[in-house]
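In the UniProt record's numbering, the protein residues as written are 1 to 294.
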């Protein structure tokens, strides 16, 4: 973090595992029996977008619950069947089910001895926001995320600009789109965020984390009449957009954009040119861009 180019062979942290030093080794995990709602509350309170699920006795990794899994449950995809079929449309009943009902079990993992360049390649190849770190017995040792990697890679002085790596084929929604509609679009497209646009004006971005916080901060209970999905998922996404709208420009250096995103704790920035939305740049885009220059 001293501004010098990253040299993976020489600038290794003083830690028995480079990956554990860069990621989080004091990792918070939950058992498979924990209620979905309690897990979501924990994720929101700690600012986590993903939470490992482990055996209570052995600590072995069994799954991962992510903000995207919660969005899927909230009407985005197949996990919504837990609401519609098992709980006859009563979403507040469904979120009391154990996390094993919606957790992802087909996981990409890394080993503590893996080299950082290989881990970066895995993140880019799989488009996975976070990889659990496990030993040879699947014992959970930690987790490494796009944001952790970006912290390291931003010490490299990139020559690329935002316009070189941003996504320009955008899917947008209107401020009047429902939470359920936004979740369905995210799940179908495998997106974690969607720009909110009306009459060519950018209102903001709604993210999977925003939808998860709708549950985790208790706002969902403010819209209860019958407890059905129409009650709690039929409100517009404009109610989820809070805080300042942070943006960048196409001519911004990607390293500067990365540092700005890290300082603000956001995972993406809309790209604005001449007051128009021309793209979006995400943590994944930045990791991929900086990785290609190492």
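For each residue, glycine too, the CB sits at the ideal point set by N, CA and C. Model, not experiment: these values are computed from the prediction.
Spatially closest choice to residue i from the options, by CA coordinates
i, options, result
"residue 138", "244, 237, 59, 43", "59"
"residue 204", "269, 168, 155, 231", "269"
"residue 286", "23, 92, 146", "146"
"residue 144", "153, 132, 150, 155", "132"
"residue 159", "68, 35, 252, 274", "252"
"residue 129", "88, 277, 175, 65", "65"
"residue 61", "31, 81, 260", "31"
"residue 245", "91, 261, 57, 169", "261"
"residue 151", "264, 54, 72", "264"
"residue 241", "278, 177, 188, 231", "177"
"residue 116", "199, 23, 104", "23"
"residue 170", "191, 181, 157", "191"
"residue 38", "95, 48, 49, 54", "95"
Short Cβ contact (8 Å threshold) for residue i with residue j
i, j, result
"residue 40", "residue 83", "no"
"residue 319", "residue 201", "Nothing about residue 319 can be reported from this structure: the residues present for the chain run from 1 to 294 only."
"residue 186", "residue 44", "no"
"residue 179", "residue 97", "no"
"residue 68", "residue 208", "yes"
"residue 175", "residue 276", "no"
"residue 166", "residue 99", "no"
"residue 89", "residue 219", "no"
"residue 51", "residue 17", "no"
"residue 108", "residue 126", "yes"
"residue 233", "residue 63", "no"
"residue 154", "residue 255", "yes"
"residue 266", "residue 279", "no"
"residue 87", "residue 78", "no"
"residue 289", "residue 210", "no"
For residue i, the three-state DSSP class (helix, strand or coil)
i, result
"residue 180", "helix"
"residue 216", "helix"
"residue 80", "helix"
"residue 309", "No statement about residue 309 is possible, as the shown extent of the chain runs from 1 to 294 and does not include it."
"residue 140", "strand"
"residue 56", "coil"
"residue 30", "strand"
"residue 65", "strand"
Spatial neighbours of residue i in its chain, beta-carbon cut-off 7 Å, leaving aside the 5 residues before and after
i, result
"residue 257", "162, 248, 269, 281, 286"
"residue 120", "149, 287, 291"
"residue 20", "112, 133, 141, 142"
"residue 11", "Bear in mind that the predicted position of residue 11 carries a pLDDT of just 37, short of 50, making it unreliable; the figure below should be weighed with that in mind. None."
"residue 184", "75, 76"
"residue 3", "Because the pLDDT of residue 3 is 40, which lies under 50, any placement of that residue in the model is unreliable, and the question is left without a value."
Bridge partner(s) assigned by DSSP for residue i
i, result
"residue 123", "BP columns for residue 123 are empty, so no partner."
"residue 211", "Partner(s): none; residue 211 has no beta bridge."
"residue 253", "161"
"residue 245", "Per DSSP, none; premise fails for residue 245."
"residue 204", "196"
"residue 91", "The partner list for residue 91 (beta bridge, DSSP) is empty, contrary to what the question assumes."
"residue 279", "271"
"residue 173", "196"
"residue 134", "140"
Beta-carbon contacts of residue i that lie in its chain and below 8 Å, excluding the five residues immediately before and after
i, result
"residue 135", "111, 112, 141"
"residue 284", "123, 124, 127, 129, 146"
"residue 104", "63, 64, 65, 66, 69"
"residue 80", "72, 73, 74"
Cutoff 6 Å; reference residue i; Cβ partners in own chain excluding five residues on either side
i, result
"residue 172", "195, 197"
"residue 215", "40"
Short CB-CB distance (under 8 Å) between residue i and chain B
i, result
"residue 243", "Reference to chain B is not applicable here, since this structure consists of a single protein chain."
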